[in-house]
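Inspection log for the structure reproduced underneath, given as structure tokens.
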Amino acid sequence: MRTSTERILSTHGGNLPRPDDLDDLIANAPQTRDEIGRRLPGAVAEVVERQIDCGLDIVNDGEYVKAAHATGYRGYIHDRVTGWEVLPIDPSVPPKRAYVAERDKADFPGFYESGLWLSGSGGPVRPGFAKAGPPRLPTTERVCTGPIRYTGQEAIAADVAALREGVAGKDVDGFIAALGPLSLGAAARNAHYPDEDAYMTAVAEALREEYKAVTDAGLVLQIDEPEFATTWTFYPEWTVDDYRRYLERAVEIINHAIAGLPEEQIRLHMCWGSGHRPHTNDIELKYIADLLVKVNAKAYAIESGNVRHAHEWRVWEDVKLPDGKILVPGVVSHATDLVEHPELVAERLVNFAGVVGRENIQAGTDCGIGSRVGHQEIVWAKLRAMGDGARIASDRLWSR
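Here it is in structure tokens:
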């Protein structure tokens, strides 16, 4: 993984806007599966070029391959693993955990009753802020009923091949995002393994196969693990000490998933979730940063443009970033359609550089922004602003 030795490098969180023709093909799958396969290499090459044009140094495939095979943030991985079934919820059995925004819900009951929480973070996922009413309770749940096995060898090979072809001959690194073990397994009920510990260990071992395919190809592996922070909202009865005890074991599970893989090629992404909600009850970074850096990764990508967390660069004045590690703060946000000014991007990067060192940061986005802001034009404008801001910050930091 490259480091910012001469200037601040730039990357992003994951998904990016897809070409209209590819979207049309995906909308008509599986009938268009062969056409999608023929279109993907060219589409990946195009999105790589667009990222480079915006000034990015660590680029990806826009998550086009995943989009072609699944829907939703977690959807793709369920085509690549076995061991779970979708079963009707037994109303006599207490749920494993609460809703994602349970703590906010207690403080903002009117907001959740109105249905405005359905609006997402922006753009096409918003239903025009119509009052949709309170959320409907789910009627099914995912349950582990058998051995967890990874069966996605062909799918991850397609991810790898498309990105390697897209970056070939270009002065950039390629990264592939893959779901973390907490985000895959923690929400589902275990009805097969003797206990939760054995269950989550099996989840980690299955995902290692996907992770290894990425690092074996010489690419950067981004482990998407928003549940590192969002699990706090699922257990409103927990204290901070309770949560830290949970995260200590969570770190062990993540490290088990990447055991034996090259740390230099791994970055962990965590966030506080992409939902359009108050977020006033997010766990504060100061309570979990020291546990985050115990994950055996080279880089840690964290939300820092989000208005609930933009001030938390100061946490790193008290929590030491281990030697040789990299912070990838989000300096543009997926939570607003407003395009950040390059000077604001530069200011944020200079703040981080002041506490952890200029060589230990890269510019990033809070999360994947391809489906979270109002229009693809805004996505590319945000990425250009980030690239421009990184150049401004580099001029300031390296001219001193």
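Its first residue numbered 1, the sequence shown is counted upward by one per residue in full-length UniProt numbering.
No residue lacks a Cβ here, since even glycine has one placed at the ideal position from N, Cα and C.
Just so it is clear, the structure is predicted and the values come from calculations on it, not from any experiment.
Quick one: complete beta strand (DSSP E) runs, 3+ long, within the region 207-231?
Listed in chain order, they are 220-224.
My assumption, with CB atoms under 8 Å, is that Glu210 sits in contact with Gly146. Please give the rounded CB distance.
Here residue 210 is taken as the residue at index 210 of the sequence shown, counted from 1. Here residue 146 is taken as the residue at index 146 of the sequence shown, counted from 1. Contact doesn't hold; Cβ gap of about 19 Å is too wide.
Mind checking which residues open and close the beta strand (DSSP E) that includes Gly166?
Stepping through the sequence shown from its first residue, residue 166 is reached at position 166. Segment 153-167 is the alpha helix (DSSP H) holding Gly166; no beta strand (DSSP E) there.
Any contact between the region 214-232 and the region 195-203? By contact I mean 3 or more CB pairs, one from each, below 8 Å.
no
Cβ neighbours of Glu264 in the same chain (closer than 8 Å, five flanking residues each side left out):
For this step, residue 264 is matched to residue 264 along the sequence shown. Cβ within range, chain order: Met1, Lys298.
Taking Leu87 as part of the beta strand (DSSP E), name the residues at either end of that continuous run.
Looking up residue 87 in the sequence shown gives position 87. Unbroken beta strand (DSSP E) run through Leu87: 81-88.
Please report the straight-line C-alpha distance between Ile369 and Glu340, rounded to a whole angstrom.
As a working note, residue 369 is residue 369 in the sequence shown. As a working note, residue 340 is residue 340 in the sequence shown. Annotation: Ile369 to Glu340 spans about 13 Å, alpha carbon to alpha carbon.
In or out: Pro226 buried (at least 16 other Cβ within 10 Å) or exposed?
On the sequence shown, position 226 is the one that residue 226 refers to. So Pro226 ends up on the buried side.
If we ignore side chains and look at the alpha-carbon of each, how far apart do Asp171 and Val293 end up?
Position 171 of the sequence shown, counted from the start, is the residue given in the question as residue 171. Position 293 of the sequence shown, counted from the start, is the residue given in the question as residue 293. Taking the straight line joining both Cα atoms gives about 29 Å.
With a cut-off of 8 Å on the beta carbons, I'd call Thr233 and Gly13 a contact; round off their distance for me.
Numbered from its first residue, the sequence shown carries residue 233 at position 233. Numbered from its first residue, the sequence shown carries residue 13 at position 13. Thr233 to Gly13, Cβ: 20 Å. No contact.
Taking contact to mean 3 or more Cβ pairs, one atom from each stretch, closer than 8 Å, check whether the region 48-65 and the region 87-101 are in contact.
As far as the Cβ criterion goes, the region 48-65 does not touch the region 87-101, which means the pair count is below three.
Beta-carbon separation (whole angstroms), Asn360 vs Trp313, contact threshold 8 Å
Along the sequence shown, read from residue 1 onward, the residue named residue 360 stands at position 360. Along the sequence shown, read from residue 1 onward, the residue named residue 313 stands at position 313. 13 Å between Cβ atoms; not a contact.
Less than 7 Å between C-beta atoms, sequence neighbours within five positions excluded: which residues of the same chain meet that for Pro41?
In the sequence shown, the residue the question calls residue 41 occupies position 41. Answer for Pro41: Ala162, Glu165, listed in chain order.
Can you tell me whether Trp84 is buried or exposed, with buried defined as 16 or more other CB within 10 angstroms of its CB?
For this step, residue 84 is matched to residue 84 along the sequence shown. Flag for Trp84 reads buried.
At the level of alpha carbons, what is the spacing between Arg308 and Pro278?
As a working note, residue 308 is residue 308 in the sequence shown. As a working note, residue 278 is residue 278 in the sequence shown. Arg308 and Pro278: Cα-Cα distance of roughly 9 Å.
Taking all protein chains shown into account, do 16 or more other C-beta atoms lie within 10 angstroms of the C-beta of Glu237, making it buried, or fewer, making it exposed?
In the sequence shown, the residue the question calls residue 237 occupies position 237. It counts as exposed.
For Val47, which residues of its own chain have a beta-carbon under 6 Å away from its beta-carbon, when the five flanking residues on both sides are left out?
If you number the sequence shown from 1, residue 47 lands on position 47. Here the set comprises Leu16, Gly62.
Going by the CB atoms, is the gap between Gly330 and Glu303 shorter than 7 Å?
Looking up residue 303 in the sequence shown gives position 303. Looking up residue 330 in the sequence shown gives position 330. It is a contact, given that the beta carbons lie within the stated cut-off.
Within the continuous alpha helix (DSSP H) that includes Phe111, where are the two ends?
What you label residue 111 is simply residue 111 of the sequence shown in a count that begins at 1. Here the alpha helix (DSSP H) through Phe111 covers 109-114.
Using the Cβ count rule (16 or more neighbours within 10 Å means buried), how would you classify Ser394?
For the purposes of this step, residue 394 is identified with residue 394 of the sequence shown, where counting begins at 1. With 16 or more Cβ atoms within 10 Å of its Cβ, Ser394 is classed as buried.
At 4 residues or longer, what runs of the alpha helix (DSSP H) sit wholly inside the region 234-313?
240-257, 289-292
Are the region 188-197 and the region 136-145 touching by the rule of at least three beta carbon pairs closer than 8 Å?
yes
Quick check on the DSSP output: the alpha helix (DSSP H) that includes Gly185 runs from which residue to which?
Residue 185 sits at position 185 when you count from the first residue of the sequence shown. Gly185 -> alpha helix (DSSP H) spans 181-185.
My understanding is that Ile288 touches Leu184, with C-beta atoms under 8 Å, so please give their C-beta distance in whole angstroms.
As a working mapping, residue 288 is identified with position 288 in the sequence shown. As a working mapping, residue 184 is identified with position 184 in the sequence shown. Their Cβ separation, rounded to whole angstroms, is 20 Å, which puts Ile288 and Leu184 out of contact at 8 Å.
Considering Cα atoms alone, identify which of Ala390, Arg18, His334, Arg38 is closest to residue 405.
Residue 405 is absent from the structure shown; the chain starts at 1 and stops at 400.
N-terminal and C-terminal residue of the beta strand (DSSP E) that Ile36 is part of:
If you number the sequence shown from 1, residue 36 lands on position 36. Unbroken run through Ile36 is the alpha helix (DSSP H), 33-53; no beta strand (DSSP E).
Out of Pro262, Ser274, Glu252, Val319, state which residue places its alpha-carbon closest to the alpha-carbon of Leu285.
Locating residue 285 in the sequence shown gives position 285, where the first residue counts as 1. Comparing Cα positions, the closest option is Val319.
Using the three-state DSSP reduction, which class does Arg142 fall into: helix, strand or coil?
For the purposes of this step, residue 142 is identified with residue 142 of the sequence shown, where counting begins at 1. Arg142 falls in the strand class under three-state DSSP.
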